[in-house]
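What follows is a single structure, written as structure tokens, with notes after it.
Chains as they are written, first to last, in our numbering: chain A, 1 to 486; chain B, 1 to 303.
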């Protein structure tokens, strides 16, 4: 008998769970401070837990460094700078940095899984974006180590000394790479503090630094909370502060280092405009909007959180955007099919929920995708607000979550004015089929990065940084070196 | 016949960015289809195949054998669906009709001076009528690419509408031959023209020109179907043809259909694969999924 030709074999076809394997990762129960290539207990004797935001389970205990611990780390870095690192040739320094890059690449899978466990970001992103980019930063700056005289017009570039580096929780390993790689290539030694909710991959990087045989004290990693960061900023023997994080903390740091010899680069918040013109490739622009605001749960300083759509296509764009939001998978960060993972911490989830409440109170119209959220862990539905004006709080303040505000515009001048009408100036996106309009806008928008017909694209070769309250100094590319040279 | 097509007023704003499309397609390809969803997906793929032979050397014997295979994909393994249709030249429709007399497998016939479409409208219409009279359930026509590229969009629209009329009860699939259209902007415009002119399905390729059914092209066409559905509530089917020969690629296509158009399109009423060698790869994967072992190709019939 012939088989039947049923046209209704599968009324519903859904993806089975596809969780990434976690058996291959090695995590300690307790992590010490990494000073002088050794694991040392904190003199504070204090530890704090780091949790998996998707399950609220504790992953490990992390040492909490106090002033004395930071002093020990800075002393180690100073000694390494004076006696070893500043005396090595560029080629020799480059060799160490290449080695770190290669070893990271070899352990990319372990890094990706730990990053997703600790930060809540989907494994697809940590595997395809965070870890490869972090490796590429080391590879890229390794190449500069013996070519510094070609990097600056001064011709005799000199390193600064000890760099104190404080990084955020949104791209834990990637931000460590952004900070450490150029500092080492330019000949400095480092004391780095990861964010308190996401210390694990920086500590795994410390293991690689140890295995790579980097001279003791060249890279020191001190974990802790805000007070640990403050100890680095206020330490008299630190030559340079590199900070990525909130504008508020950035301001505190600037006040603290006024009148000292410390150089600084600050990469702070943003409220970036993503601008859609009526001649844009609309379907690709919708993808760009999604990628701009929902990438990494919206925990992106350059997130395209303010959407400006030209009036005559606004209805179509918003309808398409809503429909696209329904096909986003929110859930287990370790599932390979998850598009949006967990919010990094309970505190951050509360902040996002506060802004969603404010948006409603301000009278903006809310739309959230209808997905079901896991019962445990910190999750937030992809959210957008329409009917938003410039004077709404949700259009002014950085939410740092999957929350988009949408405004419409009629003319080019109007959108330039509105896009620039913000204390921030980190990034912008422009979607149009007209090349001339793109170049016109790149000169008019007060933003450190302007993407054309794409969003959230990063490359080690390309400089990144802000205007106004988004900070100063550039990271990445040849510009990123000058932040670590005199 | 539907109203003549005026692209300047209808579709003035639709542009497609190739880089963005490539990025979106890459996302579908990272979807991980495992265990039950894989098995279910593979069976759906089998049921969506238009088993095809379109060669000058086709013989009635070959078509008969293919028709048997269409109904008995792998009898040693019970519980498998049959394919959606067989796809043949008009001269072979009668043979296929006889071979499939007691079956629900449909007969699709190419027409309109397939594959080049280089003929007069009269001949294309009579070609179509002949196939329909012989018993074809579906007609796969080709558009006049030369006219399209020359900017004569109304000509293309009118021709499709005329063929649709000649089809009678048969469902019309319109082949854009995207490998000759050169840009995704053109693919999008041709999709819109075909849909508005009355296509029941739009189809990428004849299988005679490379590249054929790339995911980028299929995605662009799916978006045209989506926009039309959002505007009118009318469903149009999609058939990528040529170049899809592995289970993995077929599953990625299903992922794309699901995420762009939704589950409603995941049946052979609305989605087909035009392929000759895909079925056996899918069968091999199904056996592998269920037994954990790959069998040699010698265990799968090649009709």
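Glycine included, each C-beta is placed from N, C-alpha and C at the ideal position.
Contacting residues, own chain, Cβ-Cβ under 7 Å from residue i (five flanking each side not counted)
{"i": "residue 436 of chain A", "result": "none"}
{"i": "residue 95 of chain A", "result": "none"}
{"i": "residue 412 of chain A", "result": "none"}
{"i": "residue 2 of chain A", "result": "In this prediction, residue 2 of chain A has a pLDDT of 42, which is less than 50 and means its spatial position is unreliable; what the coordinates show is noted afterwards. Cβ within range, chain order: n/a, list empty."}
{"i": "residue 74 of chain A", "result": "162, 191, 235, 237 and 238"}
{"i": "residue 343 of chain A", "result": "53, 120, 297, 349, 352, 378, 379, 380 and 401"}
{"i": "residue 420 of chain A", "result": "445 and 446"}
{"i": "residue 455 of chain A", "result": "274, 288, 291, 292, 304 and 429"}
{"i": "residue 97 of chain B", "result": "107, 134 and 135"}
Short Cβ contact (8 Å threshold) for residue i with residue j
{"i": "residue 263 of chain B", "j": "residue 144 of chain A", "result": "no"}
{"i": "residue 331 of chain A", "j": "residue 364 of chain A", "result": "no"}
{"i": "residue 492 of chain A", "j": "residue 191 of chain A", "result": "Given a span of 1 to 486 for chain A in the structure shown, any question on residue 492 of chain A remains unanswerable."}
{"i": "residue 561 of chain A", "j": "residue 271 of chain A", "result": "The structure shown does not extend to residue 561 of chain A, since chain A spans only 1 to 486, so no value can be given for it."}
{"i": "residue 141 of chain B", "j": "residue 163 of chain B", "result": "yes"}
{"i": "residue 136 of chain B", "j": "residue 109 of chain B", "result": "yes"}
{"i": "residue 160 of chain A", "j": "residue 486 of chain A", "result": "yes"}
{"i": "residue 70 of chain B", "j": "residue 88 of chain B", "result": "no"}
{"i": "residue 240 of chain B", "j": "residue 204 of chain B", "result": "yes"}
{"i": "residue 340 of chain A", "j": "residue 374 of chain A", "result": "no"}
Spatial neighbours of residue i in its chain, beta-carbon cut-off 8 Å, leaving aside the 5 residues before and after
{"i": "residue 234 of chain A", "result": "256"}
{"i": "residue 457 of chain A", "result": "451"}
{"i": "residue 223 of chain A", "result": "31, 33, 62, 63, 64, 65, 193, 194, 196, 199, 202 and 203"}
{"i": "residue 38 of chain A", "result": "216"}
{"i": "residue 156 of chain A", "result": "149"}
{"i": "residue 8 of chain B", "result": "Note that residue 8 of chain B scores 46 on pLDDT, short of 50, meaning its location in the model is unreliable and no value can be drawn from it."}
Distance, residue j Cα to residue i Cα
{"i": "residue 22 of chain B", "j": "residue 216 of chain B", "result": "6 Å"}
{"i": "residue 147 of chain A", "j": "residue 220 of chain B", "result": "46 Å"}
{"i": "residue 39 of chain B", "j": "residue 285 of chain B", "result": "9 Å"}
{"i": "residue 248 of chain B", "j": "residue 258 of chain B", "result": "15 Å"}
{"i": "residue 255 of chain B", "j": "residue 169 of chain A", "result": "33 Å"}
{"i": "residue 449 of chain A", "j": "residue 465 of chain A", "result": "7 Å"}
{"i": "residue 54 of chain B", "j": "residue 181 of chain B", "result": "22 Å"}
{"i": "residue 461 of chain A", "j": "residue 140 of chain A", "result": "7 Å"}
{"i": "residue 8 of chain A", "j": "residue 139 of chain B", "result": "Reliability of the predicted coordinates at residue 8 of chain A is poor, the pLDDT of 48 falling under 50, and no value is obtained from them."}
{"i": "residue 130 of chain B", "j": "residue 111 of chain B", "result": "9 Å"}
{"i": "residue 10 of chain A", "j": "residue 45 of chain B", "result": "Residue placement at residue 10 of chain A cannot be trusted, given a pLDDT of 49 that sits under 50; what the coordinates show is reported in the next sentence. The straight-line gap from Cα to Cα measures roughly 11 Å."}
{"i": "residue 66 of chain A", "j": "residue 395 of chain A", "result": "38 Å"}
{"i": "residue 269 of chain A", "j": "residue 297 of chain A", "result": "16 Å"}
{"i": "residue 210 of chain B", "j": "residue 302 of chain A", "result": "41 Å"}
{"i": "residue 251 of chain B", "j": "residue 285 of chain A", "result": "26 Å"}
{"i": "residue 176 of chain A", "j": "residue 143 of chain B", "result": "56 Å"}
{"i": "residue 166 of chain A", "j": "residue 227 of chain A", "result": "12 Å"}
{"i": "residue 21 of chain A", "j": "residue 443 of chain A", "result": "47 Å"}
{"i": "residue 4 of chain A", "j": "residue 428 of chain A", "result": "Annotation note: pLDDT 45 at residue 4 of chain A (below 50); position unreliable, coordinate value reported separately. Answer to the nearest angstrom: the Cα atoms are 55 Å apart."}
{"i": "residue 101 of chain A", "j": "residue 48 of chain B", "result": "47 Å"}
{"i": "residue 481 of chain A", "j": "residue 453 of chain A", "result": "28 Å"}
{"i": "residue 6 of chain A", "j": "residue 81 of chain B", "result": "Here residue 6 of chain A scores only 45 on pLDDT, less than 50, and its place in the model should not be relied on; the value that follows carries that caveat. The alpha-carbon atoms of residue 6 of chain A and residue 81 of chain B are separated by roughly 8 Å."}
{"i": "residue 173 of chain A", "j": "residue 50 of chain B", "result": "49 Å"}
{"i": "residue 372 of chain A", "j": "residue 16 of chain A", "result": "16 Å"}
{"i": "residue 90 of chain A", "j": "residue 136 of chain A", "result": "19 Å"}
{"i": "residue 297 of chain B", "j": "residue 288 of chain B", "result": "12 Å"}
Contacts around residue i, its chain only, beta-carbon distance under 6 Å, and the 5 residues preceding and following it disregarded
{"i": "residue 326 of chain A", "result": "369"}
{"i": "residue 116 of chain A", "result": "123, 126, 333 and 334"}
{"i": "residue 243 of chain B", "result": "212 and 213"}
{"i": "residue 433 of chain A", "result": "279"}
{"i": "residue 295 of chain A", "result": "456"}
{"i": "residue 314 of chain A", "result": "408"}
Beta-carbon neighbours of residue i, restricted to chain B and to distances below 8 Å
{"i": "residue 13 of chain A", "result": "37, 40, 41, 44, 254, 258, 263 and 266"}
{"i": "residue 109 of chain A", "result": "Within chain B, no residue comes near residue 109 of chain A; the closest Cβ sits about 15 Å away, beyond 8 Å."}
{"i": "residue 126 of chain A", "result": "Result: empty, since nearest Cβ-Cβ is about 13 Å, beyond 8 Å."}
Neighbour list for residue i in chain B, Cβ cutoff strictly below 7 Å
{"i": "residue 411 of chain A", "result": "Residues of chain B passing the Cβ test: none, with the nearest at roughly 18 Å."}
{"i": "residue 337 of chain A", "result": "31 and 32"}
Proximal chain B residues relative to residue i, where beta-carbon distance stays under 9 Å
{"i": "residue 18 of chain A", "result": "31, 32, 33, 34, 35 and 37"}
{"i": "residue 433 of chain A", "result": "15 and 17"}
Chain A contact residues for residue i, given Cβ-Cβ distances below 7 Å
{"i": "residue 24 of chain B", "result": "287"}
{"i": "residue 17 of chain B", "result": "281, 284 and 453"}
{"i": "residue 21 of chain B", "result": "284"}
Within chain A, the residues that residue i reaches when beta carbons sit closer than 8 Å
{"i": "residue 221 of chain B", "result": "Under the 8 Å cutoff, chain A gives no residues; its nearest Cβ is about 12 Å from residue 221 of chain B."}
Three or more C-beta pairs below 8 Å linking the region 243 to 255 of chain A and the region 106 to 115 of chain A: no
For the region 178 to 192 of chain A and the region 210 to 229 of chain A, state whether three or more C-beta atom pairs, one from each stretch, are separated by less than 8 Å. Result yes; three or more Cβ-Cβ pairs closer than 8 Å.
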